[in-house]
Structure formats: C-alpha cells, structure tokens
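Colleague: Residue numbers (full-length UniProt numbering): 1 to 244.
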C-alpha cells in the first residue's frame, strides 16, 4: 500500500455492512467494558489494556470497533466524496495515497478517493471476517479446569459443550497494524477534504471524539508509525495537549 509525498441532513447509513462481535463471547464482554470506560470521559484510561486481559484480543476488539465507527462516519459523507470531487485519494495537498493490497492489486494504483476507500474497507472487512486472523471464539470456554484462554489440555469439544478457541496467529499484530494504518487514512481524508460537510451535518463532535479515541489507542500500543500520522499531526498534538 503505497504512501507518497507530493508537491490539498444527518445520515446514519453505513458504507459497508457492520461487523458484529458475537454476543455472549468474551470479546463481546471486552467491547462492553471498553464502552463503559469510554463513558467515563477519560480516553487515555479507556484505551489501556484491562488487567489480566490478552493484548491481541484487546487490539482485535478495538480494531473491529474502529472499523465500524469509521464505516459509519464515512457513510454520512459519501454523497460529497465522489469521482469528480475527489479524483485522487488525498489528505491535503501534500499527501496522496495509491492502493495495493499485495494479492489482488500488487502494483500500487492511483484511483479516486471513493474507489480507494471502497478497496480499503472491503480489504479490512475480509481480514476481520477471516477466523484464522481474527478468531472470535477465544475465551468462550466455561470449563472450571481450562488452561488459560485456549484450553490446551482438553479435547475438541469439552464436557461443558463449548468448542475451544483458536489462538491468534503469529502475524496478527502485523495485520492489525496495517489495518489501523489504512483506517487512519480515511480519517485523514475526511478531515482534509470533507470537514466543511461534516460541520454542516453537525457531526464534528462525533468525528473528533472517534478520532481522539483512535489516536490514543494507537499511541498507547505504538501501532502506527509517526510518519504515517503526519497528515494530521497538528490535530493530534492539539487533541493530546487538551487532555493533559
């Protein structure tokens, strides 16, 4: 996925189908915990890994949540982000993004913002739906004798009737970082190219809170390279200083 430096009425529709975390699963409980701590208003505290929880699982749950949030935010301005208004995927006059996913499109291509974001969100959704990358069954076992989250010493189907979860793959963190890096680009495009539309729709508070949550999360676990954040560095510094 190429990143190049070059030398600029309220809708609640979602752009892509919402990704749901299975109700009753441990990940669902983690999501509820995240929502409850967000309600306290302390975002720095809300993004921290809850005591005793698995880092990969916490990152997975929040990545799904950010995908859903960005999906909804972009859905409110799709009518303003068109082939003619945004012929290239950019974040201001200095940053332009070209799409490649390494499989279907190996060589980076220049395309319009709506096309780029369609490619991007479809790719993210494919990763989130892949049970080998984002296993949803972790932590669902209620056996009192289980070994940690994976029930390593039990048979495939336990006495309690549950099926033990699949552990996260070795490349999980790398994939999660790529997803978050790409989702950042949607925020960057919205802020640089469509903030006037966001303000007309009176969605700026929603956008700012979502982005602040996203940035505090990726900063807490060092998930996006600082250079990638450059298009919104001024805003990031402003949000951070307000919270000190």
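All C-beta atoms, glycine included, are put in the ideal place defined by N, C-alpha and C.
This structure is a prediction, so every number in the text was calculated from the model and none was measured.
Thinking just about the alpha-carbon of each residue, which of 120, 73, 123, 173 is nearest to the one in residue 206?
Modeller: By one-based count along the chain shown, residue 206 stands at place 206. Nearest of 120, 73, 123, 173 to residue 206, Cα basis: 73.
Colleague: How would you write the range of the alpha helix (DSSP H) that residue 57 sits in, first residue to last?
Modeller: Here residue 57 refers to the residue found at position 57 when the chain shown is read from its first residue. First-last of the alpha helix (DSSP H) with residue 57: 55–75.
Colleague: What distance in whole Å lies between the Cβ atoms of residue 89 and residue 189, which are believed to be in contact at a cut-off of 8 Å?
Modeller: Reading the chain shown from its first residue, position 189 is the one you call residue 189. Reading the chain shown from its first residue, position 89 is the one you call residue 89. At roughly 6 Å, the Cβ-Cβ gap stays under 8 Å, so residue 189 and residue 89 are in contact.
Colleague: Considering residue 96, what are the terminal residues of the beta strand (DSSP E) in which it resides?
Modeller: Taking the first residue of the chain shown as position 1, residue 96 is located at position 96. Residue 96 -> beta strand (DSSP E) spans 95–98.
Colleague: Which residue from 83, 181, 86, 170 puts its Cα closest to that of residue 120?
Modeller: The sequence position of residue 120 within the chain shown is 120, counting from 1. Comparing Cα positions, the closest option is 181.
Colleague: Which first and last residues belong to the alpha helix (DSSP H) in which residue 20 is found?
Modeller: In the chain shown, the residue the question calls residue 20 occupies position 20. Residue 20 -> no alpha helix (DSSP H), and no H or E assigned at all.
Colleague: Output needed for residue 230: all residues of its chain with C-beta closer than 6 Å, excluding positions within five of it in sequence on either side, in chain order.
Modeller: One-based indexing of the chain shown puts residue 230 at position 230. Hits under 6 Å: none found.
Colleague: What did DSSP end up calling residue 48 once you bin it into helix, strand or coil?
Modeller: Stepping through the chain shown from its first residue, residue 48 is reached at position 48. Three-state DSSP puts residue 48 in coil, outside helix and strand.
Colleague: Note down, in chain order, each residue of its chain lying with its Cβ closer than 8 Å to the Cβ of residue 194, except the 5 sequence neighbours on either side.
Modeller: Reading the chain shown from its first residue, position 194 is the one you call residue 194. Cβ within range, chain order: 77, 80, 81.
Colleague: Once you ignore the five residues that flank residue 91 on each side, which residues in its own chain have a CB closer than 6 Å to its CB?
Modeller: Here residue 91 refers to the residue found at position 91 when the chain shown is read from its first residue. These residues qualify, in order along the chain: 188, 189, 192, 231.
Colleague: Touch check for the segment 208–223 and the segment 51–70: three-plus C-beta pairs under 8 Å?
Modeller: Yes: the two stretches touch, three or more of their Cβ pairs being nearer than 8 Å.
Colleague: Specify the secondary structure class of residue 174 as computed by DSSP and reduced to three states.
Modeller: For the purposes of this step, residue 174 is taken as the residue at position 174 of the chain shown. Residue 174 falls in the helix class under three-state DSSP.
Colleague: Just the Cα atoms here: how many angstroms apart are residue 103 and residue 123?
Modeller: On the chain shown, residue 103 is found 103 positions in, with the first residue counted as 1. On the chain shown, residue 123 is found 123 positions in, with the first residue counted as 1. Roughly 10 Å between the two C-alpha positions.
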